[in-house]
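Residue numbers (my numbering): 792 to 1135. These notes concern the structure reproduced below.
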């Protein structure tokens, strides 16, 4: 049971186990899509029954984001005056790979329509592309993400905006201000329950946020436990047992195994964002290519394995060429003008 701080965490520039959890989350989501998206491929098999649980990797990402962004804000001594700097740093970190993923998806659609002219896939309109760039798809009726995972990118971006506005209140010195800010968070969560918006996911994010506040001594143990239990309760009410259990379990792993590190975990953690962005383009394309030609169960499993390997290779290349350079650029933007922000 979490009753005291893990002193090792405060001494670290980053929390090593988070890399492994990022990798795990990305891989589970990837496998879920590779197995379940192709129609009439692995239906009625035990793998098809298990794979949907991989979608809950998204909530692992939400808890992680709930922790690392507040830690960055605390270390950067964030105030509202730093809002522009904070958002510029986040946009430089996430937007370029996202834009290249959009471009890659469009190229694949054009190639697919050229070679499979009898069954063309709708090409996104200019309006749709502009809405994608601004993460505005869910704000207009009738608009859909043309790559399925992009909805979570919009949720995360909305979270960046919300946390930049709410976090100074959540760690305010006055207890009454913190109480009011907690009430605002949970009221917002109940106000709009569309899962394509960040509001309904605030209790899941708060599981991470309140932990960051606690380990950096912005709140005491009793306040931490109270808000954590309330966050898990709201998560259960809004999203059910599995999501609330996985979210709480993610936090427990981060706390009790904070120093866990492995080369495999670090590798998957590094490419997790790139894998998340490109697997539905490259991996699913490979699966769809083989769907008409394979029938046996083991042959289909081999196709999934091949699709996963292709996803990993393309994600690694995407990471090296696109994500990593912009990651370095973003890391040069410090919230504090004089002291470089530590990498989370």
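No residue lacks a Cβ here, since even glycine has one placed at the ideal position from N, Cα and C.
Which whole-angstrom value is the C-beta distance of residue i and residue j, which I expect to be below 8 Å?
| i | j | result |
| --- | --- | --- |
| residue 1069 | residue 1102 | 7 Å |
| residue 825 | residue 1105 | Contact doesn't hold; Cβ gap of about 13 Å is too wide. |
| residue 988 | residue 929 | 6 Å |
| residue 984 | residue 953 | Contact flag wrong, Cβ pair sits at about 16 Å. |
| residue 966 | residue 994 | The Cβ separation is near 21 Å, so there is no contact. |
| residue 843 | residue 1050 | Not really, about 32 Å apart at Cβ, beyond 8 Å. |
| residue 940 | residue 819 | Residue 940 to residue 819, Cβ: 12 Å. No contact. |
| residue 980 | residue 971 | Incorrect: roughly 15 Å between the Cβ atoms, too far for contact. |
| residue 1027 | residue 1015 | Rounded, the Cβ-Cβ distance is 18 Å, inconsistent with contact. |
| residue 805 | residue 881 | Not confirmed; about 17 Å, so no contact. |
| residue 897 | residue 915 | 7 Å |
| residue 877 | residue 846 | At roughly 30 Å, the Cβ-Cβ gap does not stay under 8 Å, so residue 877 and residue 846 are not in contact. |
| residue 1045 | residue 850 | With a Cβ gap of about 13 Å, residue 1045 and residue 850 do not count as contacting. |
Count the other CB atoms, across all protein chains shown, that sit within 10 Å of the CB of residue i; report buried if there are 16 or more and exposed otherwise.
| i | result |
| --- | --- |
| residue 998 | buried |
| residue 833 | buried |
| residue 1043 | exposed |
| residue 1013 | exposed |
| residue 924 | exposed |
| residue 1001 | buried |
| residue 1114 | buried |
| residue 1134 | Residue placement at residue 1134 cannot be trusted, given a pLDDT of 44 that sits under 50; what the coordinates show is reported in the next sentence. By the neighbour-count rule (16 or more Cβ atoms within 10 Å), residue 1134 is not buried but exposed. |
| residue 1096 | exposed |
| residue 831 | exposed |
| residue 907 | exposed |
| residue 1055 | exposed |
| residue 1127 | exposed |
| residue 866 | buried |
| residue 1139 | Outside the displayed range of the chain (792 to 1135) lies residue 1139, so it cannot be described from this structure. |
| residue 921 | exposed |
| residue 888 | buried |
| residue 961 | buried |
| residue 858 | buried |
| residue 902 | exposed |
| residue 809 | buried |
| residue 879 | exposed |
| residue 868 | exposed |
| residue 1080 | exposed |
| residue 996 | buried |
Measuring alpha carbon to alpha carbon, tell me which of the options ends up nearest residue i.
| i | options | result |
| --- | --- | --- |
| residue 1067 | 837, 852, 836 | 852 |
| residue 1077 | 1031, 1093, 1064 | 1093 |
| residue 926 | 900, 893, 905 | 893 |
| residue 765 | 819, 838, 812 | Nothing can be reported for residue 765, as the shown portion of the chain is limited to 792 through 1135. |
| residue 1060 | 943, 841, 1110 | 1110 |
| residue 781 | 1003, 918, 878, 1009 | Residue 781 falls outside the range modelled here, since the chain spans only 792 to 1135, and no answer is possible. |
| residue 862 | 955, 898, 934, 875 | 955 |
| residue 812 | 1118, 840, 1082, 1062 | 1062 |
| residue 1125 | 814, 1020, 884, 835 | 884 |
| residue 1085 | 821, 959, 1007, 829 | 829 |
| residue 1009 | 978, 873, 1081, 964 | 964 |
| residue 986 | 1108, 816, 817, 947 | 947 |
Could you have a look at residue i and say whether DSSP puts it in helix, strand or coil?
| i | result |
| --- | --- |
| residue 1029 | helix |
| residue 1085 | coil |
| residue 979 | helix |
| residue 1062 | coil |
| residue 943 | helix |
| residue 843 | helix |
| residue 1073 | helix |
| residue 1119 | helix |
| residue 1136 | Since the first and last residues shown for the chain are 792 and 1135, residue 1136 lies out of range. |
| residue 948 | helix |
| residue 912 | coil |
| residue 1050 | coil |
| residue 972 | helix |
| residue 819 | helix |
| residue 1002 | helix |
| residue 1016 | helix |
| residue 1114 | helix |
| residue 986 | coil |
| residue 829 | coil |
| residue 1109 | helix |
| residue 1135 | Note that residue 1135 scores a pLDDT of 45, beneath 50, so its modelled location is shaky and nothing firm can be said. |
| residue 955 | helix |
| residue 1040 | helix |
| residue 1007 | coil |
| residue 930 | helix |
| residue 1098 | helix |
| residue 1127 | coil |
| residue 870 | coil |
| residue 1091 | helix |
On the DSSP letters alone, give me the boundaries of the alpha helix (DSSP H) that residue i sits inside.
| i | result |
| --- | --- |
| residue 805 | Element bounds for residue 805: n/a, residue is neither H nor E. |
| residue 888 | 874-906 |
| residue 991 | No alpha helix (DSSP H) contains residue 991, which DSSP labels as neither H nor E. |
| residue 835 | Counting along the chain, residue 835 falls outside any alpha helix (DSSP H), and DSSP gives it neither H nor E. |
| residue 921 | 917-924 |
| residue 866 | 848-866 |
Does the ligand GTP have a heavy atom nearer than 7 Å to the CB of residue i?
| i | result |
| --- | --- |
| residue 1032 | Questions concerning the ligand GTP fall outside what the structure shown contains, since it holds no ligand whatsoever. |
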